[in-house]
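Residue numbers (our numbering): 1 to 663.
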């Protein structure tokens with residue numbers, strides 16, 4: 001009981017500190033539920049993984065005994081286990097992870113369990129879910145995959161009978177047992193009111209997962225004695241008082257065994273020392289450069305990114321360099337890079353819907369890979385959220401997963417996994433975790449697939465700190481891009497592959513009268529330059545084709561020279577090549593296939609408006625009609641960006657004369 005008493009006293013101290021104004025934010029204590037964490041921690045072994053939730057202090061202390069790190073973290077100090085970045089709900093140490101977004105942790109834990117199976121060392125993963133979490137669809141996506149793939153996952157349902165304020169009886173149909181059995185998963189039950197039986201049930205469940213290599217649901221009935229968070233308890237006080245009287249730890253305190261006072265004194269001294277040390281430590285949260293994990297920059301006092309105000313840095317030998325690569329069919333280039341990456345690094349895995357042979361993916365990019373690497377290419381259910389979450393879990397454990405989303409239109413089904421999980425881990429765990437996850441997906445229209453299979457939705461995932469977003473186009477080498485990415489990936493990276501590109505050849509052969517060069521990293525920005533530039537055109541992905549056709553037409557028919565910039569990295573965004581071009585032209589046209597409002601072009605123009613060293617410039621934006629993409633071929637052609645639209649935009653800017661004011 002010593003571990004449980006330690007957890008109880010820590011939680012009580014945290015509530016006291018909050019009442020004194022020494023804590024801020026949320027504090028979800030596990031008072032009444034301490035034995036759950038103790039039982040599961042004792043059933044696990046070194047090398048196992050644990051993924052906990054918003055009410056995870058007890059789980060963390062039971063597994064790590066890191067009282068000092070927890071107290072300092074919740075107090076927001078640099079000496080906290082995550083440097084004050086994660087706070088109460090986001091902890092990481094020794095194979096322990098937690099996140100406050102409950103249901104979303106299930107697939108990440110399944111990814112950790114899959115990593116344990118792949119390692120073959122007998123390790124397992126455990127995930128703590130509250131009963132309220134059983135309303136989350138991603139939980140069932142995960143249970144389905146965990147059962148089908150025989151993942152060594154212990155699913156601990158911590159059932160305290162109430163979510164934030166809603167009793168389970170008002171929110172949950174069926175039973176926990178029924179849910180487990182629906183997926184062919186074993187079920188065990190226990191309660192914190194009988195501690196000895198709970199310890200045995202947890203041990204037996206963990207041992208079964210380890211020996212059988214199959215998931216098990218461990219359903220633990222317990223009671224939360226305090227509010228959901230701090231003081232928001234809506235339950236009848238008489239009901240809570242009854243629970244308090246029946247609580248095992250409270251009954252122990254009433255019995256006052258001989259060694260209890262000495263134990264409590266040791267615990268309290270340690271807690272007080274931890275609080276004093278935390279108070280003396282510096283505040284945590286941000287370091288000098290804004291932190292790790294790919295964040296672009298720390299916020300300045302003015303609330304804007306420092307780099308947006310710095311003058312461009314142009315190398316002494318010039319920004320633009322010759323650019324060439326061997327021509328390759330885009331789908332073949334991607335496939336070849338994946339094959340070579342898998343051959344050279346056994347950590348590279350492919351997950352996705354219908355990607356195995358003989359189908360080989362909806363656009364045949366993965367054709368032949370499962371035949372060559374049968375154990376490392378997995379067909380998945382239609383479960384976008386779960387497979388991205390599993391990919392994140394695999395990445396946390398050191399693998400290099402590549403997840404295919406069949407159509408980019410479905411990427412937002414996994415937005416929670418991207419935004420609240422994969423993107424956050426490296427930073428909020430203070431660099432203790434890395435998520436080398438690649439998600440690739442086809443985007444765009446011009447194929448007649450209609451409103452739900454033709455969209456460009458990337459703007460919704462641009463600007464998420466800790467991530468990278470890339471977009472293929474015909475003037476970058478897909479094989480070179482993926483080869484570099486597979487060896488250097490250090491954060492969640494989304495790669496957009498325009499559908500029209502797959503059958504085209506990527507090549508660096510310029511149209512007559514033009515030359516192709518590159519700025520920055522090989523896959524950062526590609527520039528199509530012509531003599532006497534009068535306008536700068538920026539396009540990416542599927543819009544690049546229309547933009548290039550327009551630039552060629554303007555030169556051949558009107559002798560209007562333009563510079564076409566084709567960024568392959570959309571986020572983080574390097575504006576220096578655009579700044580360099582705008583200094584010469586003073587006119588900018590941004591072309592994008594996705595909806596313009598709050599899109600890539602809007603961010604680019606905002607960044608340029610804050611940039612020093614450009615001078616006044618005029619700008620136009622070319623994008624689709626403000627409606628879903630029609631299925632009719634003629635209507636789709638009118639709705640999506642075209643070369644005619646780009647020509648018209650450039651002509652308008654030229655007709656406006658040389659700029660004198662921003663416009």
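Each residue gets a CB set at the ideal place from its N, CA and C atoms; glycine is no exception.
Would residue i and residue j be called neighbours here (beta carbons separated by less than 8 Å)?
i, j, result
"residue 95", "residue 128", "no"
"residue 520", "residue 580", "no"
"residue 362", "residue 388", "no"
"residue 203", "residue 134", "no"
"residue 353", "residue 440", "no"
"residue 510", "residue 647", "no"
"residue 469", "residue 438", "no"
"residue 638", "residue 586", "no"
"residue 195", "residue 35", "yes"
"residue 445", "residue 454", "yes"
"residue 217", "residue 267", "no"
"residue 30", "residue 47", "no"
"residue 283", "residue 84", "yes"
"residue 564", "residue 548", "yes"
"residue 45", "residue 69", "no"
"residue 588", "residue 536", "yes"
"residue 461", "residue 409", "no"
"residue 62", "residue 206", "no"
"residue 112", "residue 422", "no"
"residue 192", "residue 33", "yes"
Under a Cβ-count criterion, where at least 16 other Cβ atoms within 10 Å of its own Cβ denotes burial, should residue i be classed as buried or exposed?
i, result
"residue 382", "exposed"
"residue 650", "buried"
"residue 645", "buried"
"residue 28", "buried"
"residue 695", "With the chain running from 1 to 663 in the structure shown, residue 695 is simply not present."
"residue 379", "exposed"
"residue 222", "buried"
"residue 2", "exposed"
"residue 606", "exposed"
"residue 321", "exposed"
"residue 451", "exposed"
"residue 597", "exposed"
"residue 417", "buried"
"residue 88", "buried"
"residue 301", "For residue 301, the pLDDT reaches just 33, beneath the cut-off of 50, and the residue's location in the model is therefore unreliable, leaving the point undetermined."
"residue 665", "The chain is shown only over 1 to 663; residue 665 falls outside these bounds and no answer can be derived."
"residue 99", "buried"
Comparing C-alpha positions only, which one of the options sits nearest to residue i?
i, options, result
"residue 349", "144, 82 and 390", "390"
"residue 341", "322, 631 and 399", "399"
"residue 567", "559, 542, 283 and 535", "542"
"residue 747", "131, 489, 119 and 642", "The structure shown does not extend to residue 747, since the chain is modelled only from 1 through 663, so no value can be given for it."
"residue 339", "533, 482, 530 and 200", "482"
"residue 465", "435, 557, 576 and 219", "435"
"residue 272", "539, 613, 9 and 236", "9"
"residue 183", "168, 149, 156 and 599", "149"
"residue 243", "227, 569, 257 and 255", "227"
"residue 612", "42, 417, 583 and 421", "583"
"residue 443", "431, 405 and 427", "405"
"residue 473", "589, 329 and 514", "329"
"residue 532", "562, 507, 505 and 526", "562"
"residue 507", "488, 545 and 486", "545"
"residue 124", "502, 609 and 209", "209"
Taking residue i and residue j to be in contact with their CB atoms under 8 Å, please state how far apart those CB atoms are, rounded to whole angstroms.
i, j, result
"residue 91", "residue 81", "6 Å"
"residue 366", "residue 355", "4 Å"
"residue 171", "residue 163", "6 Å"
"residue 665", "residue 385", "Outside the displayed span of the chain (1 to 663) sits residue 665, for which this structure offers no information."
"residue 593", "residue 528", "Rounded, the Cβ-Cβ distance is 18 Å, inconsistent with contact."
"residue 53", "residue 7", "Incorrect: roughly 15 Å between the Cβ atoms, too far for contact."
"residue 630", "residue 636", "5 Å"
"residue 115", "residue 368", "At roughly 26 Å, the Cβ-Cβ gap does not stay under 8 Å, so residue 115 and residue 368 are not in contact."
"residue 264", "residue 4", "Rounded, the Cβ-Cβ distance is 12 Å, inconsistent with contact."
"residue 560", "residue 654", "7 Å"
"residue 156", "residue 40", "6 Å"
"residue 493", "residue 467", "7 Å"
With a floor of 4 residues, list each alpha helix (DSSP H) that falls wholly inside the region 400-447, ordered by position along the chain.
423-428
Suppose only complete runs of 3+ residues qualify. What are the beta strand (DSSP E) ranges in the region 509-591, listed by chain order?
515-519, 525-529, 533-539, 561-567, 569-571 and 587-591
Which ranges does the beta strand (DSSP E) cover as unbroken runs of at least 3 residues, wholly within the region 204-245, from first to last along the chain?
216-221
Complete beta strand (DSSP E) runs within the region 60-145 (minimum length 3 residues, chain order)
96-98 and 125-130
Mind listing, in chain order, the continuous alpha helix (DSSP H) runs of no fewer than 4 residues lying wholly within the region 344-379?
369-372
Residue ranges of each beta strand (DSSP E) within the region 3-66, 3 or longer:
49-52
If you scan the region 594-646 from start to end, which runs of the beta strand (DSSP E) of 3 or more residues do you find wholly inside it?
618-622
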